[in-house]
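Protein chains: 2
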Amino acid sequence: MSAAKKKGKRARRRSAPGKKIAIAASREAAQRAVSEGELSGLIGYALRRAQLRVFDDFYAALSVEGITPARFSTLAIIDGNPGISQTSLAQTLDIARSGVVMLIDTLEQLDLVSREPIEADKRSYALHLTRGGKTALQRIRRQVAIHEARVCARLDEKEKKWLLKMLARVGAAR
Amino acid sequence: MSAAKKKGKRARRRSAPGKKIAIAASREAAQRAVSEGELSGLIGYALRRAQLRVFDDFYAALSVEGITPARFSTLAIIDGNPGISQTSLAQTLDIARSGVVMLIDTLEQLDLVSREPIEADKRSYALHLTRGGKTALQRIRRQVAIHEARVCARLDEKEKKWLLKMLARVGAAR
DNA sequence: TATTGTTATACTCTATAACTATA
DNA sequence: TATAGTTATAGAGTATAACAATA
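From first to last, the protein sequence lines are chains A and B.
Counting from 35, one number per residue, gives the positions in the first sequence under the working numbering.
Counting from 35, one number per residue, gives the positions in the second sequence under the working numbering.
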């Protein structure tokens, strides 16, 4: 409970001590060998496991900064599309507009993003990275790259490229 | 709001009408082309998108039965490991024991799973599929197979196998 | 009338911690 | 003391619906 940053923290998921289980289970598999059976052949199950592992690593690496996967995605999209509206951002992230409000509220409080009024349409804002947001994003990117290398440690370049391609096919709009 | 089954339902996520957006966006991409930039090269982002899409399809196909991905996984694991304890199930699913309690509560209410007392250890239960649970699981499996074929429509057999292999590597315990 | 951002509200999932009853 | 299951509680994430301001 550090006083400074009460918001946007949270360690999330999975207690650290639980990790030995898998090792122990594989070492003396005969003892209790819980079979996952058909599940290991299902895309959804494999995706969930992989995603939990990757997100856990992301949180471990970046929650100190108050950065979550969604917040990083938001920063990256604003950086690549300066002046984007909240509604457009919601469509890109595929979340509800109300979700974007909270996301931007948080990033604004962290002084990483600003809502700038638009003359052409007084209903909406143009989202921009602040100066601090830009430098923070550079720093965050380096950490994300390290995280990425860590979770892809068991894949070579070709395999990773291929995996991304297959995931894009599965994740493509129907 | 059908009176019969008030629990365990919920359509979840993403409004149906929203689906046209992606089509329109690709058709007239030039108009607003929001760039995802670096994000599309990140495993975590690709995993999230794929998982959302796959889970949405799962819900659409199976929530009528009151079956969610987690509940299906639970049924499958109990089927493959009859008599398993709740703690062991929690370890296998990689969730907290308290989460298993609710999961089993629900499946018990659906008359799919039973907690059976163990003589050797009066603290724990042996989990089993009920008779109805077994027949339901057969039916559910057929729907899951159809769902699986649908979300893997853009992959051939070899590609799917490969994808599962790569996902297992990424999702493997560190 | 339709859209943007917003607020209010609710529900799911999952976690931690404390409790009980055994072991 | 340690473990199995349970309960209570809390927080993150996301959804829907209704509203004000603006188009």
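Positions of the beta carbon are idealized from the N, C-alpha and C atoms, including for glycine.
These figures come from a predicted structure and were not determined experimentally.
{"Item": "Using a Cβ-Cβ cutoff of 8 Å, what residues of the segment 185–202 of chain A are near chain B? List them in chain order.", "Value": "185, 186, 188, 189, 193, 194, 196, 197, 198, 200, 201 and 202"}
{"Item": "At least one CB of chain A closer than 8 Å to the CB of residue 205 of chain B: is that the case?", "Value": "yes"}
{"Item": "Quick one, are the C-beta atoms of residue 178 of chain B and residue 161 of chain B less than 8 Å apart?", "Value": "no"}
{"Item": "Could one say the Cβ of residue 85 of chain B lies closer than 8 Å to chain A's Cβ atoms, at least one of them?", "Value": "yes"}
{"Item": "Decide yes or no for the touch test of the segment 173–190 of chain A against the segment 85–97 of chain A: beta carbon pairs closer than 8 Å, at least 3 of them.", "Value": "yes"}
{"Item": "Is it buried or exposed, residue 190 of chain A, if we count other Cβ atoms within 10 angstroms and call 16 or more buried?", "Value": "exposed"}
{"Item": "Any beta carbon from chain B within less than 8 Å of residue 15 of chain A's own beta carbon?", "Value": "Since the displayed chain A opens at 35 and closes at 208, residue 15 of chain A lies outside it and no answer follows."}
{"Item": "Short of 8 Å in beta carbon distance, which residues of its chain neighbour residue 203 of chain B, apart from the five on each side in sequence? Order them along the chain.", "Value": "none"}
{"Item": "Pull up the CB-CB distance for residue 123 of chain A and residue 108 of chain A, whole angstroms please, since I reckon it's below 8 Å.", "Value": "7 Å"}
{"Item": "Rounded to whole angstroms, what's the CA-CA distance from residue 89 of chain B to residue 103 of chain B? Just pull it up for me.", "Value": "7 Å"}
{"Item": "Flag residue 103 of chain B as yes if its beta-carbon sits less than 8 Å from any beta-carbon of chain A, otherwise no.", "Value": "yes"}
{"Item": "Output the residue ranges of the alpha helix (DSSP H) runs that lie fully inside the segment 60–128 of chain A and measure 4 residues or longer, sorted by chain position.", "Value": "63–66, 77–96, 103–114 and 120–127"}
{"Item": "Do residue 86 of chain A and residue 79 of chain A have their C-beta atoms within less than 8 Å of each other?", "Value": "no"}
{"Item": "Could you give the residue range of the beta strand (DSSP E) that holds residue 144 of chain A?", "Value": "Looking at the DSSP string, residue 144 of chain A is not in any beta strand (DSSP E), and its letter there is neither H nor E."}
{"Item": "For a contact defined as C-beta to C-beta under 7 Å, what are the partners of residue 80 of chain A on chain B?", "Value": "198, 201, 202 and 205"}
{"Item": "So, for residue 131 of chain B: in the same chain, excluding its five sequence neighbours on each side, which residues have a beta-carbon less than 8 Å away from its beta-carbon?", "Value": "120, 121 and 124"}
{"Item": "So which residues of chain A does residue 88 of chain B contact, with C-beta pairs closer than 7 Å?", "Value": "77, 78, 81 and 204"}
{"Item": "Taking C-beta pairs closer than 9 Å, name the residues in chain B that residue 68 of chain A reaches, listed in chain order.", "Value": "111, 114, 115, 118, 122, 123, 125 and 126"}
{"Item": "Once DSSP output is grouped into helix, strand and coil, what is the label at residue 150 of chain B?", "Value": "strand"}
{"Item": "Is it right to say residue 126 of chain A is buried, meaning 16 or more other beta carbons lie within 10 angstroms of its own, or is it exposed?", "Value": "buried"}
{"Item": "Tell me whether residue 170 of chain A sits in a helix, a strand or coil according to DSSP, three-state version.", "Value": "helix"}
{"Item": "Quick one: what does DSSP say residue 198 of chain B is sitting in, helix, strand or coil?", "Value": "helix"}
{"Item": "In the DSSP assignment, find the beta strand (DSSP E) that holds residue 207 of chain B and state where it starts and stops.", "Value": "From DSSP, residue 207 of chain B is part of no beta strand (DSSP E); its letter is neither H nor E."}
{"Item": "Cα separation between residue 185 of chain B and residue 154 of chain B?", "Value": "44 Å"}
{"Item": "Interface residues of chain A around residue 72 of chain B at Cβ under 8 Å?", "Value": "110, 114 and 175"}
{"Item": "Taking only three categories from DSSP, how would you classify residue 179 of chain B?", "Value": "helix"}
{"Item": "Under 8 Å by Cβ, that's how I've got residue 83 of chain B and residue 205 of chain A pegged, so tell me the actual separation to the nearest angstrom.", "Value": "4 Å"}
{"Item": "Pick helix, strand or coil for residue 137 of chain B, following the three-state DSSP scheme.", "Value": "helix"}
{"Item": "Quick one: which chain B residues come within Cβ less than 7 Å of residue 182 of chain A?", "Value": "76 and 77"}
{"Item": "Checking contacts by CB at 8 Å: is residue 97 of chain A closer than that to chain B?", "Value": "no"}
{"Item": "What are the residues that DSSP puts in a beta bridge with residue 160 of chain B?", "Value": "B:150"}
{"Item": "For a test of the three-state rule: what should DSSP assign to residue 165 of chain A, helix, strand or coil?", "Value": "helix"}
{"Item": "Mind listing the chain A neighbours of residue 107 of chain B? Cutoff is C-beta to C-beta under 8 Å, in chain order.", "Value": "73 and 79"}
{"Item": "Which class does residue 189 of chain B belong to by DSSP, given the choice of helix, strand or coil?", "Value": "coil"}
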